[in-house]
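Just below is one structure, and these are the notes that go with it.
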Amino acid sequence: MSNRFDYIVVGAGSAGCAVANRLSFDKNKSVLLLEAGKSSHPLSRIPVSFALLIDHPTANWRYRSHADEKTSNRNIPIPRGKLVGGSSAINGLVYVRGQNLDYDIWAQMGNKGWSSEEVFPFFKKLENYVNPCEDLRGKKGLVNISQVTDRNPIYEAMFEAGKKLNIPFNDDYNSGDQEGFAYTQTTIFKGKRMSAKVAYIDPIRNRKNLNILTESFVTKIIFENKKAIGIEILRKGKNEKYFCNDEIILSGGAINSPQILELSGVGRPEILKRNNIEIVHELQGVGENLMDHLGPRLVYKVKKPGLSYNEKARGLGLIKQALNYAFNQDGFLNLPSAPVLGFFKTRPELASPDIQVHFIPYRVVLENGKRTLGKDPGITCTVNQNRPESRGNIHIKSNNPEEHPKINCNFLDNPLDRETLVDGVKLIRKIMGSEEVQNYCGEELQPGDNFSSDKDILQFIRDKAETLYHPSGTCKMGQDKFSVVDEKLKVKGLENLRVADASIMPTLISGNTNGPCMMIGERCAEFIINDN
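Heads up: the sequence shown runs through residues 19 to 550, numbered per the working numbering.
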């Protein structure tokens, strides 16, 4: 294999797979796709395997946040996918575009071409939504998306309770209006996970102009003055170099992309000097603007037998679920992380929902990043603020590429974030405490009735809330001095280098980030094709 390619894509995640697919369509252009992890994991295609892969050392980078008193000095687990497909190969399989407002905010910040109207065609391009829908949804894309099939009387009871709180039922939260209860749209097709690998890479592996190197750990970008000309990797214990004719696309994600930039001499001078790295280019925003969704988990007892998977997926029940999955591609093993979503307003005067809730039909025991199925029947409700105001940062701790960076999430720093999450917990309590839901559910097991005041609820959030696994923003797109890329995703002040992943998001979108990352990959590929 040659060591020179037209394009080098660093990171085979949700965006990177999309970029590699579209760029390699031109037979006259050679593409090298690099992935630090393995090609796949045997459990990855089974939807419910996310519960195991979320902390699996082979499939996961297993990052942790820096301890912070605002979250009770905990080192919060931050799982990131380490397979071809990236986090789309281990995530909860929830597909959300986000709100129109999210992208219109990006455009208002000076990012031309990123309004909701302008990104809409790229969502439509990637989607093959298999359920009946209006023309607002894609039907010919590479990513198969389907509405969850799981049904439960508790869901219907929640929907009825919602009506009394002016919460509508929404049959398609990706059609422009997000508000309401909804059955989850998933990256599951015929009982199998539809990761970015399955959608974008597996169908084109026979392209002679596409080379994929797995277990290839990128240590730095090679520059010639201000021009990116290649990359260095560690593979099978040896250092290797690969060079590009046209461009390098950095798609390492919100943690790895700023880390690689800093290791390559791009970032804040004081950080580079402190770690004995030669400065190639000063960019103040590298690693800054970190955002993520933080979510406390409320747990309720299910008092009617046979409704919770804590019962249905144990002992003989688990055998029954396995058979149901094998023959019908349905049941417990075919579940996403949450079969029902809620996009709610904590105040009626708000223009759009400010919280998202994941409703999970079993009791999740989550301790130190590990998920287990609780013994007692229950239902779990996880609430997060859609657009948090708090900002953290990610920076290298040394010039050793294999040392994890310091991840300072800075959760709950902004008072609006604290207020919104407390109000979100209160709204869940109204729904779950309603007459309709109480026909099936009983007492609140977590945090419990003794956490009644706003102060108590906030302390529960500080003690127990976990990330929803959506780190973003650390190489943000924009016009200010802390922006890292321009509206075409080119790294400012450098040549032949773009970033395409969640790190470019100037603000966090209202929902799960896998879909938007694939859209960003599609957008980046079109920029490159048009420019070249």
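C-beta atoms are modelled at their ideal positions from N, C-alpha and C, and glycine is treated no differently.
When beta bridges are read from the DSSP output, Arg253 appears opposite Ser234 and Lys256. If you ignore the 5 residues before and after Asn229, its C-beta comes within less than 8 Å of the C-beta of Met19, Phe23, Ser48, Val49, Leu50 and Leu51, all in its own chain and listed in chain order. Val298 sits in coil when the DSSP states are folded into three classes, being neither helix nor strand. Around the beta-carbon of Ile547, fewer than 16 other beta-carbon atoms lie within 10 Å, marking it exposed. Taking C-alpha positions only, Gly131 is separated from Asp153 by approximately 22 Å. With fewer than 16 other Cβ atoms from the protein chains shown falling within 10 Å of its own Cβ, Thr390 counts as exposed. Sequence-distant Cβ neighbours of Ser234 in its own chain, meaning closer than 6 Å and more than five residues away, are Leu52, Ile251 and Arg253. Bounds of the beta strand (DSSP E) holding Thr400 are Gly396 to Gln403. Spanning the alpha carbons of Pro287 and Glu407 requires a straight line of approximately 26 Å.
Relative to Met309, the option among Asp86, Ala520 and Ile446 whose CA is nearest is Ala520. DSSP places Ala200 within a strand segment (E or B) once states are collapsed to three.
Listed in chain order, the non-local C-beta contacts of Ile378 below 6 Å within the same chain comprise Ala356 and Thr398, local neighbours out to five positions each way being set aside. Per the DSSP secondary-structure output, Phe207 pairs in a beta bridge with Lys210. In this structure, the straight-line span from the alpha carbon of Arg80 to that of Val236 is close to 18 Å. Under DSSP, Gly248 shares a beta bridge with Ile240 and Phe261. Inter-residue distance for Leu325 and Lys393 is about 14 Å (C-alpha atoms, whole angstroms). About 6 Å separates the beta carbons of Ile96 and Arg82, which is inside the 8 Å limit, making them a contact pair.
Counting C-beta atoms within 10 angstroms of its own C-beta, Ile337 has fewer than 16 neighbours from the protein chains shown and is therefore classed as exposed. A Cβ-Cβ contact shorter than 7 Å links Ser269 with Ala518. The beta-carbon distance between Val317 and Gly396, rounded to whole angstroms, is 5 Å. This is short enough to meet the 8 Å contact definition. In this structure, the beta-carbon distance from Lys226 to Glu513 does not fall below 7 Å.
Gly194 carries a coil assignment under DSSP once its states are collapsed to helix, strand and coil.
Under the 10 Å beta carbon count, Asp467 is surrounded by fewer than 16 other beta carbons and is classified as exposed.
Rounded to whole angstroms, the separation of the alpha carbons of Glu306 and Tyr173 is 40 Å. Phe429 and Ala217 have their C-alpha atoms some 34 Å from each other.
If you look at Glu544, you'll find it in the alpha helix (DSSP H) that goes Asn532 to Asp549. In the displayed model, Asp120 falls within a helix according to three-state DSSP.
When the Cα atoms are used, Asp44 and Asn224 turn out to be separated by approximately 14 Å. Look at the beta carbons and you see the region 351-370 touching the region 198-216: at least three pairs across the two are nearer than 8 Å.
Secondary structure of Arg480 (DSSP, three-state): helix. Listed in chain order, the beta strand (DSSP E) runs fully inside the region 401-457 are 411-413 and 424-426, counting runs of at least 3 residues. With a cut-off of 8 Å on Cβ pairs, the region 103-110 is not in contact with the region 134-143, counting fewer than three such pairs.
For Gln477, the closest of Ala77, Pro465, Gly104 and Ala344 by C-alpha to C-alpha distance is Pro465. Taking every protein chain shown into account, the CB of Phe345 has fewer than 16 other CB atoms within 10 angstroms, so this residue is exposed.
Around the beta carbon of Ile449, 16 or more other beta carbons lie within 10 angstroms, which makes this residue buried. Per DSSP, the continuous beta strand (DSSP E) segment holding Phe23 begins and ends at Arg22 to Val28.
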